[in-house]
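To start, the structure under review is shown below, and the notes come after it.
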Amino acid sequence: MSNPAPLSLPASDRSRPGWKAWALLAPMVLWLLGFVVIPGLILLVYSFCERDEVGGVIFALNLENYRRVFDPIYLRIFARSIGYAGLTTIICVVVGYPVAYYIARASAELRNRLLLLVMVPFWTSFLIRTYAWITILKQEGLLNSFLQAAHLTSEPFNLLYTPTAVVIGLVYAYLPFMILPIYGSAEKLDNSLIEAAYDLGAGPLRAFSSVIVPLTMPGIAAGTLLVFVPSIGMFAITDLMGGAKVPMIGNVIQNQFLQARDWPFGAALGVIFMLMFALTYVILQHRNPRVQ
Numbered sequence: 001m002s003n004p005a006p007l008s009l010p011a012s013d014r015s016r017p018g019w020k021a022w023a024l025l026a027p028m029v030l031w032l033l034g035f036v037v038i039p040g041l042i043l044l045v046y047s048f049c050e051r052d053e054v055g056g057v058i059f060a061l062n063l064e065n066y067r068r069v070f071d072p073i074y075l076r077i078f079a080r081s082i083g084y085a086g087l088t089t090i091i092c093v094v095v096g097y098p099v100a101y102y103i104a105r106a107s108a109e110l111r112n113r114l115l116l117l118v119m120v121p122f123w124t125s126f127l128i129r130t131y132a133w134i135t136i137l138k139q140e141g142l143l144n145s146f147l148q149a150a151h152l153t154s155e156p157f158n159l160l161y162t163p164t165a166v167v168i169g170l171v172y173a174y175l176p177f178m179i180l181p182i183y184g185s186a187e188k189l190d191n192s193l194i195e196a197a198y199d200l201g202a203g204p205l206r207a208f209s210s211v212i213v214p215l216t217m218p219g220i221a222a223g224t225l226l227v228f229v230p231s232i233g234m235f236a237i238t239d240l241m242g243g244a245k246v247p248m249i250g251n252v253i254q255n256q257f258l259q260a261r262d263w264p265f266g267a268a269l270g271v272i273f274m275l276m277f278a279l280t281y282v283i284l285q286h287r288n289p290r291v292q
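According to our numbering, the sequence shown holds residues 1 to 292 in order.
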C-alpha cells in the first residue's frame with residue numbers, strides 16, 4: 001500500500017507571510033515608524049508652515065520655504081555639498097577598493113584580523129577621532145612637527161580650517177563604509193571566472209575592468225550610497241575641521257533649527273535633502289538593479 005502524498009498548501013498561501021513572520025518583522029517596522037516615517041512626516045508638515053516673530057511655528061500652508069531653498073545662495077551651498085561629497089566618494093572608492101579586495105582574497109585568519117583593523121575606529125567616539133585629526137593637522141600639530149624634523153619644510157603650514165582638512169575628515173569618517181560593502185562583493189567573487197578570463201587571453205588590466213569590477217559593482221554602488229549621502233549632510237566635521245569656513249547643507253539645516261529658530265525653512269531644506277537621498281538611490285538602483 002503506497003503512502004498518501006503529503007498535503008501541500010496552495011502557492012498563494014505559501015507566499016503569504018504568517019503571524020510568526022510578522023512577529024519577527026514587528027520590531028523593525030515599529031523602529032521605522034517611530035524614527036523614520038513619523039519624523040519624516042513631521043518634517044514635511046513643518047516645511048509648509050510659517051515662522052512667527054519669536055521663532056514659533058504657524059501652521060499655515062504656503063510654499064515660501066521651498067522658494068527660499070532655490071535662492072542662489074542656498075543653491076551654491078547645495079552645489080558645494082554635492083561636490084565635497086562626490087570628491088569624498090571618489091577618494092573612498094580609489095582607496096577602499098584595493099583594501100577591500102585584498103582583504104577578501106586573504107586567508108581566513110588574516111582576513112579576520114584585517115577586518116578587525118577596519119572596525120577599530122568605531123570603538124572610539126566620533127568626536128574624539130575628529131579632535132585627534134585636529135591635533136594632527138593644526139599648525140603646531142604632529143604633521144608639521146614631523147615635516148620640520150625631517151627637514152621637508154622650513155616653516156609650518158596651516159592645513160586645518162581649510163577645504164582640504166574637511167575632505168580629509170570626511171574620507172576618514174566614511175572610508176570603512178566603502179570598504180565593507182566592497183569586501184562583501186569581492187568575497188563572493190568566483191576565482192574560476194577570473195581564471196577563465198586569463199585563459200581567454202585577457203591581461204590583468206582587462207580581467208580587472210571586464211570581470212572583477214562588474215562583479216563587484218553591487219558593493220561599489222552600496223558603498224557609494226553609504227558614503228555620498230551622509231557626506232552631503234555632515235556638519236560636525238565642517239564645523240570642527242573647517243572652522244565653519246566651508247558651510248555645507250548640514251550646517252545650514254543645523255543653524256536654522258538651533259540658531260535662527262526658523263524650523264519651517266530648516267524642514268524644507270531637510271525635505272530637499274531627503275529627496276536627494278531618494279534620487280541617489282533611484283539612480284544607483286537603475287544602474288545596478290542588485291543594489292538593495
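C-beta atoms are modelled at their ideal positions from N, C-alpha and C, and glycine is treated no differently.
Do residue 47 and residue 327 have their beta-carbon atoms positioned less than 9 Å apart in this structure?
The question about residue 327 has no answer here: the residues shown for the chain are numbered 1 through 292.
Under DSSP, the alpha helix (DSSP H) around residue 248 begins and ends at which residues?
Neither: residue 248 is in no alpha helix (DSSP H) and is coded neither H nor E.
Along the alpha helix (DSSP H) that carries residue 228, what are the first and last residues, could you check?
Taken as a continuous stretch (DSSP letters only), the alpha helix (DSSP H) holding residue 228 covers 217-233.
Look at the Cβ atom of residue 242, then the Cβ atom of residue 253, and state whether they are nearer than 9 Å.
Not a contact, by the Cβ cut-off of 9 Å.
Check whether the Cβ atoms of residue 166 and residue 246 sit closer than 9 Å, and answer yes or no.
Yes, the pair counts as a contact, with Cβ atoms nearer than the cut-off.
Nearest-angstrom Cα distance between residue 71 and residue 256?
Going by the C-alpha atoms only, they are around 15 Å apart.
Looking at residue 231: is its Cβ nearer than 9 Å to the Cβ of residue 89?
Cβ atoms of residue 231 and residue 89: closer than 9 Å.
Please report how far the alpha carbon of residue 34 lies from the alpha carbon of residue 178, in whole angstroms.
C-alpha of residue 34 to C-alpha of residue 178: approximately 28 Å in a straight line.
Got a sec? Which residues, its chain only, sit under 8 Å from residue 157 by beta carbon, not counting five neighbours each side?
Hits under 8 Å: 139, 144.
What does the alpha-carbon distance come out to for the pair residue 283 and residue 50?
Across the structure, residue 283 and residue 50 are spaced so that their CA atoms are roughly 33 Å apart.
Can you name, in chain order, every residue of its own chain whose Cβ lies under 6 Å from the Cβ of residue 181, other than the five neighbours on each side?
Cβ within range, chain order: 219, 222, 223.
Taking the alpha helix (DSSP H) that residue 301 belongs to, which residues open and close that run?
Because residue 301 is not part of the residues shown, which for the chain are 1 to 292, the question remains open.
Indicate whether residue 169 and residue 130 have their beta-carbon atoms separated by less than 9 Å.
Judged by beta-carbon spacing, residue 130 lies within the 9 Å limit of residue 169, meaning their Cβ atoms are closer than that value.
In the DSSP assignment, find the unbroken alpha helix (DSSP H) run with residue 138 in it and report its ends.
Element bounds for residue 138: n/a, residue is neither H nor E.
Would residue 263 and residue 29 qualify as a contact pair, given that the criterion is a beta-carbon distance under 9 Å?
In terms of Cβ geometry, residue 263 and residue 29 do not form a close pair [threshold 9 Å].
Which partner residues of residue 50 appear in the DSSP bridge assignment?
DSSP, once it has assigned bridges, lists 58 as partnering residue 50.
With three or more beta-carbon pairs closer than 8 Å as the criterion, would you say the segment 61-76 touches the segment 233-240?
With a cut-off of 8 Å, the segment 233-240 and the segment 61-76 do not count as touching, because too few Cβ pairs lie within range.
Going by beta carbon distance, what residues of the same chain come within less than 6 Å of residue 226, once the five residues before and after it are set aside?
For residue 226, where only same-chain residues beyond five positions count, the Cβ hits under 6 Å are 177.
Beta strand (DSSP E) runs wholly inside the segment 93-127, at least 3 long, in chain order
The DSSP assignment places no complete beta strand (DSSP E) segment of no fewer than 3 residues inside the segment 93-127.
According to DSSP, is residue 151 part of a helix, a strand, or is it coil?
In the structure shown, residue 151 sits in coil (DSSP, three-state: anything other than H, G, I, E or B).
On the criterion of 16 or more Cβ atoms from any shown chain inside 10 Å, does residue 124 qualify as buried, or is it exposed?
By the Cβ neighbour-count rule, residue 124 is exposed, with fewer than 16 other Cβ atoms within 10 Å of its own.
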